[in-house]
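Numbering (the UniProt record's numbering), first residue to last: 1 to 97.
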């Protein structure tokens, strides 16, 4: 077993890819029921229920977008950290040449 503070850039990049993969999977789930919600709104023009359902689904769309953005941001941060570690480690190793 390695040191508890060992850094493995390859594993970090795998994690970043994994997060982005999840973000991509989640992002295709929105807009939620777009066609159905539009049709319901058109066919139920005087319905408060249709308005509330549409507003709720739009709110859920924004929640999904938020989480997709956060997963991608975390993936980017992990990649940046892995690159920074490799660069500093490489610079340190070059100091011995």
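Cβ coordinates follow ideal geometry from the N, Cα and C atoms, glycine included. Bear in mind the structure is a predicted one, so any value in this text is a computation, not a measurement.
Inter-residue spacing [alpha-carbon to alpha-carbon] between residue i and residue j
i, j, result
"residue 60", "residue 79", "29 Å"
"residue 29", "residue 4", "38 Å"
"residue 7", "residue 44", "57 Å"
"residue 64", "residue 73", "14 Å"
Assumed close pair residue i, residue j - CB separation to whole angstroms, cut-off 8 Å
i, j, result
"residue 32", "residue 67", "About 13 Å separates the two Cβ atoms, so there is no contact after all."
"residue 20", "residue 71", "7 Å"
Burial state of residue i (16 or more Cβ within 10 Å)
i, result
"residue 75", "buried"
"residue 77", "exposed"
"residue 16", "buried"
Reduced DSSP category for residue i - H, G, I as helix; E, B as strand; rest coil
i, result
"residue 95", "coil"
"residue 31", "coil"
"residue 68", "helix"
"residue 47", "coil"
"residue 4", "coil"
- Count the C-beta pairs between the segment 45-60 and the segment 73-88 that are closer than 8 Å, then say yes if the count reaches three, no if not. no
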